[in-house]
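Following: one structure in structure tokens, then a few remarks.
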Amino acid sequence: MRGLTWDHPRGYGPLDELTRLDLAGENPYGDVPEPIEWDRQPLQGFESEPIAKLCETYDVLVVDHPGLGAAVDALVPMDELFGPDELARLRAGAVGRTWESYHVQGRQWALPVDAATQVAVARPGVKAPATWPEVAEFARGTRLALCLGGPHAFLMYCALCSGDFLDENAGTRALELMAELLALADREVSLRNPIGVLDAMASGGPDYCPLVYGYVTYPLAFSDAPAWPGHAPGSVLGGTGLAVSRRRVGTIGASVRAHLRRLMSEPVQATLFPATGGQPAARSVWQAPGAAAFYRGTGATMEAAWIRPRFPGYVALQDRSSALLRDGLLARVPARDLFTNLREEWRHA
2 MRGLTWDHPR GYGPLDELTR LDLAGENPYG DVPEPIEWDR QPLQGFESEP
52 IAKLCETYDV LVVDHPGLGA AVDALVPMDE LFGPDELARL RAGAVGRTWE
102 SYHVQGRQWA LPVDAATQVA VARPGVKAPA TWPEVAEFAR GTRLALCLGG
152 PHAFLMYCAL CSGDFLDENA GTRALELMAE LLALADREVS LRNPIGVLDA
202 MASGGPDYCP LVYGYVTYPL AFSDAPAWPG HAPGSVLGGT GLAVSRRRVG
252 TIGASVRAHL RRLMSEPVQA TLFPATGGQP AARSVWQAPG AAAFYRGTGA
302 TMEAAWIRPR FPGYVALQDR SSALLRDGLL ARVPARDLFT NLREEWRHA
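Reading the sequence shown from the start, the letters are residues 2 to 350 in our numbering.
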């Protein structure tokens with residue numbers, strides 16, 4: 002069988018270790034009929050490459066939930082692989098709204114295997130502010146970075162709007178704050194994707210980023226996303242799910258089920274994933290009494306995170322919207338004009 006994941010240790014570390022153990026003989030996490038040969042694609046491809054196209058080549062895919070709407074004809078719904086009791090048990094074990102993010106058109110199209118959302122991050126010893134007004138003040142005295150590369154300018158904007166991104170008052174306020182922060186930030190680092198921003202911070206670059214997708218593998222201090230006073234932290238759900246292509250499921254269904262069951266099992270999620278650079282979606286890991294600081298510090302944001310639209314064409318619209326906002330912010334387009342441009346982009350969505 003062929004599988005596709007994304008090219009970061011969080012995306013391939015646990016999968017490669019399971020394959021290594023399968024090929025070595027008896028696997029302590031449970032045997033499967035045959036191993037999966039995992040390929041990798043860069044983060045940009047994971048965020049934008051059409052899932053249906055990838056299903057022409059791969060049997061099992063690690064996917065991003067916004068692309069599901071255009072891919073359902075190429076995927077096997079999970080109720081064709083698992084019974085209702087097993088699906089209910091898996092749903093109960095998933096943190097936050099990760100399970101819901103893969104539920105489209107009344108059916109479940111993927112199983113949440115990795116959980117992430119936008120959170121605040123600082124270099125060790127730097128205390129991150131808790132609210133957006135405090136961030137604006139804090140930014141004047143620290144080395145700041147934003148995360149605006151790829152789709153992330155739009156995703157930061159959505160987080161600041163708590164998902165209500167076509168509301169004029171919320172949108173204008175968000176864009177005014179983004180412009181204020183960008184004027185104070187390290188511009189070169191701010192135009193990178195999350196991995197680029199975190200790499201820069203871990204190697205001595207900026208001291209603080211108020212909103213970036215969290216990665217447990219970095220030696221940085223992650224905390225809940227800033228909130229508007231009186232509100233929950235605003236964030237846009239990320240993470241990954243396990244999806245199955247229709248291309249050969251009739252001949253490999255039993256093997257696929259074995260792999261998915263094992264990847265979602267408590268020993269793999271709670272033990273193998275953390276040991277190999279993974280970031281599990283199991284609620285038990287995020288809410289354990291002795292959970293790692295990363296999970297303890299960002300759990301409230303994970304629970305409150307907003308799920309993006311998943312209609313066909315959303316991913317391309319997300320990319321266009323992000324480019325529009327990023328270019329507008331760099332050109333110092335007034336916030337109200339920039340919001341009007343964004344609303345026009347979405348007028349027919």
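C-beta atoms are modelled at their ideal positions from N, C-alpha and C, and glycine is treated no differently. From a predicted model like this one, the values you see are computed outputs, not experimental measurements.
For this session: For alanine 116, I'd like the list of residues in its chain whose CB is within less than 6 Å of its CB, leaving aside the five on either flank, ordered along the chain.
Result: The residue given as residue 116 occupies position 115 in the sequence shown. Here alanine 116 has Val96, Thr99, Gly240 and Ala282 as same chain residues with Cβ atoms under 6 Å from its own Cβ, once five neighbours each way along the sequence are excluded.
Exercise. What number of angstroms, rounded off, separates the C-alpha of histidine 153 from the C-alpha of glutamine 280?
Worked result: Translated into positions along the sequence shown, residue 153 becomes position 152. Translated into positions along the sequence shown, residue 280 becomes position 279. Each residue's alpha carbon lies about 20 Å from the other.
Exercise. Is it a yes or a no for the stretch 228 to 236 touching the stretch 128 to 142, going by three-plus beta-carbon pairs under 8 Å?
Worked result: Yes, the stretch 228 to 236 is in contact with the stretch 128 to 142.
Exercise. Does the separation of the CB atoms of arginine 247 and valine 77 fall below 8 Å?
Worked result: As a position in the sequence shown, residue 247 is number 246, starting the count at 1. As a position in the sequence shown, residue 77 is number 76, starting the count at 1. For arginine 247 and valine 77, yes; Cβs fall inside 8 Å.
Exercise. Quick one: Cα of arginine 92 to Cα of alanine 305, how far?
Worked result: Indexing the sequence shown from 1 puts residue 92 at position 91. Indexing the sequence shown from 1 puts residue 305 at position 304. Here the C-alpha atom of arginine 92 lies approximately 17 Å from the C-alpha atom of alanine 305.
Exercise. With a cut-off of 8 Å, do at least 3 Cβ pairs link the stretch 298 to 314 to the stretch 118 to 127?
Worked result: yes
For this session: Look at the alpha carbon of leucine 182 and the alpha carbon of leucine 147, and state the distance between them as a whole number of angstroms.
Result: On the sequence shown, residue 182 is found 181 positions in, with the first residue counted as 1. On the sequence shown, residue 147 is found 146 positions in, with the first residue counted as 1. Near 8 Å, if we compare the C-alpha coordinates of leucine 147 and leucine 182.
Exercise. Hey, quick one: how far does the beta strand (DSSP E) through cysteine 148 stretch, first residue to last?
Worked result: Taking the sequence shown and counting its residues from 1, one reaches residue 148 at position 147. Unbroken run through cysteine 148: none, as it is neither H nor E.
Exercise. Given 8 Å as the limit, is there contact between the stretch 190 to 201 and the stretch 262 to 274, that is, 3 or more CB pairs closer than that?
Worked result: no
Exercise. Can you tell me whether glutamine 362 is buried or exposed, with buried defined as 16 or more other CB within 10 angstroms of its CB?
Worked result: Residue 362 is absent from the structure shown; the chain starts at 2 and stops at 350.
For this session: Find the nearest neighbour of alanine 160 within the set Met179, Gly151 and Glu267, judged by alpha-carbon distance.
Result: Here residue 160 is taken as the residue at index 159 of the sequence shown, counted from 1. When only C-alpha atoms are compared, the closest one is Met179.
Problem set entry | Unbroken stretches of the beta strand (DSSP E), 3 residues or longer, contained in the stretch 94 to 124 | 112 to 115 and 119 to 123
Exercise. Taking glutamate 338 as the reference, which of Thr143, Ala228, Arg174 and Ala222 has the closest Cα?
Worked result: Mapped onto the sequence shown, residue 338 falls at position 337. A quick correction: the sequence has aspartate, not glutamate, at residue 338. Of the candidates Thr143, Ala228, Arg174 and Ala222, the one whose C-alpha sits nearest the C-alpha of aspartate 338 is Arg174.
Problem set entry | Cβ separation of glycine 36 and aspartate 23, assumed to be a contact under 8 Å, to the nearest whole Å | Stepping through the sequence shown from its first residue, residue 36 is reached at position 35. Stepping through the sequence shown from its first residue, residue 23 is reached at position 22. The amino acid at residue 36 is misidentified as glycine; the sequence shows proline. 4 Å between Cβ atoms; contact.
Exercise. By the 10 Å Cβ neighbour count, where 16 or more other Cβ atoms means buried, how is phenylalanine 312 classified, buried or exposed?
Worked result: Here residue 312 refers to the residue found at position 311 when the sequence shown is read from its first residue. With fewer than 16 other Cβ atoms within 10 Å, it is exposed.
Exercise. Going by beta carbon distance, what residues of the same chain come within less than 6 Å of alanine 336, once the five residues before and after it are set aside?
Worked result: Counting from 1 along the sequence shown, the entry for residue 336 is found at position 335. Cβ within range, chain order: Thr173, Leu176 and Glu177.
Problem set entry | Through-space distance from threonine 252 to aspartate 165, alpha-carbon basis | Your numbering for residue 165 matches position 164 in the sequence shown. Your numbering for residue 252 matches position 251 in the sequence shown. If I take the Cα positions, the gap works out to 44 Å.
Exercise. Closest by CA to alanine 228, which one among Arg90, Leu185 and Met157?
Worked result: In the sequence shown, counting from the first residue as 1, residue 228 sits at position 227. Nearest option by C-alpha distance: Met157.
Problem set entry | Enclosing alpha helix (DSSP H) for tryptophan 287 [first to last residue] | By 1-based counting over the sequence shown, the position of residue 287 is 286. Where tryptophan 287 is concerned, the enclosing alpha helix (DSSP H) stretches over 284 to 288.
Exercise. Which first and last residues belong to the alpha helix (DSSP H) in which glutamine 45 is found?
Worked result: To locate residue 45, count along the sequence shown from 1; it is residue 44. Membership of glutamine 45 in the alpha helix (DSSP H) is indicated by the continuous run 44 to 49.
For this session: Would you give the residue range spanned by the alpha helix (DSSP H) that arginine 258 belongs to?
Result: Along the sequence shown, read from residue 1 onward, the residue named residue 258 stands at position 257. Residues 250 to 265.
Exercise. DSSP puts arginine 141 in a beta bridge; with which residues?
Worked result: In the sequence shown, the residue the question calls residue 141 occupies position 140. DSSP output for arginine 141 lists no bridge partner at all.
For this session: Have a look at Trp39, Pro310 and Ala292 and flag the residue whose alpha-carbon is nearest the alpha-carbon of leucine 62.
Result: Here the question's residue 62 lines up with position 61 in the sequence shown. Considering only alpha carbons, the answer is Trp39.
Problem set entry | Euclidean distance between Cα positions of proline 10 and valine 64 | Here residue 10 refers to the residue found at position 9 when the sequence shown is read from its first residue. Here residue 64 refers to the residue found at position 63 when the sequence shown is read from its first residue. Linking proline 10 to valine 64 through their CA atoms gives a straight-line distance of about 16 Å.
Exercise. Among residues of its own chain, excluding the 5 on either side of proline 211, which ones have a beta-carbon nearer than 6 Å to its beta-carbon?
Worked result: Numbered from its first residue, the sequence shown carries residue 211 at position 210. Counting only Cβ-Cβ distances below 6 Å, and skipping sequence neighbours, we find Ala121, Val136 and Pro227.
Exercise. Are serine 323 and leucine 343 closer than 8 Å when you measure CB to CB?
Worked result: Start at 1 with the first residue of the sequence shown, and residue 323 comes out as number 322. Start at 1 with the first residue of the sequence shown, and residue 343 comes out as number 342. No, Cβ-Cβ distance for serine 323 and leucine 343 is not below 8 Å.
Exercise. Would arginine 21 count as contacting chain C if we go by Cβ distances under 8 Å?
Worked result: Looking for chain C here will not work: only one protein chain is present.
For this session: Compare the Cα-Cα distances from glycine 94 to each of Ala171, Arg258, Gln288 and Ala293 and report the closest residue.
Result: Translated into the one-based positions of the sequence shown, residue 94 becomes position 93. Of Ala171, Arg258, Gln288 and Ala293, the residue nearest in Cα terms is Gln288.
For this session: State yes or no: is the C-beta of glutamine 106 within less than 8 Å of the C-beta of valine 73?
Result: Within the sequence shown, residue 106 is the residue found at index 105, counting from 1. Within the sequence shown, residue 73 is the residue found at index 72, counting from 1. It is a contact, given that the beta carbons lie within the stated cut-off.
Exercise. For the alpha helix (DSSP H) that tyrosine 296 lies in, which residues bound it at each end?
Worked result: In the sequence shown, counting from the first residue as 1, residue 296 sits at position 295. From DSSP, the alpha helix (DSSP H) with tyrosine 296 extends over 294 to 305.
Exercise. Valine 334 to isoleucine 196, Cα distance in whole Å?
Worked result: Taking the first residue of the sequence shown as position 1, residue 334 is located at position 333. Taking the first residue of the sequence shown as position 1, residue 196 is located at position 195. The straight-line gap from Cα to Cα measures roughly 28 Å.
Exercise. Among residues of its own chain, excluding the 5 on either side of tyrosine 59, which ones have a beta-carbon nearer than 7 Å to its beta-carbon?
Worked result: Locating residue 59 in the sequence shown gives position 58, where the first residue counts as 1. Arg3, Gly4, Leu5 and Ser246, listed in sequence order.
Problem set entry | Cutoff 6 Å; reference alanine 186; Cβ partners in own chain excluding five residues on either side | In the sequence shown, the residue the question calls residue 186 occupies position 185. Leu145, Ala146 and Leu147.
For this session: Look up glycine 1 in the DSSP assignment and give the residues it is bridged to.
Result: Given that the chain is displayed from residue 2 to residue 350, the structure contains no residue 1 and the question cannot be resolved.
Problem set entry | Close-in-space but distant-in-sequence residues of the same chain around phenylalanine 340 (CB under 7 Å, 5 per side omitted) | Counting from one through the sequence shown, the residue named residue 340 turns up at place 339. Counting only Cβ-Cβ distances below 7 Å, and skipping sequence neighbours, we find Glu169, Gly172, Thr173 and Leu176.
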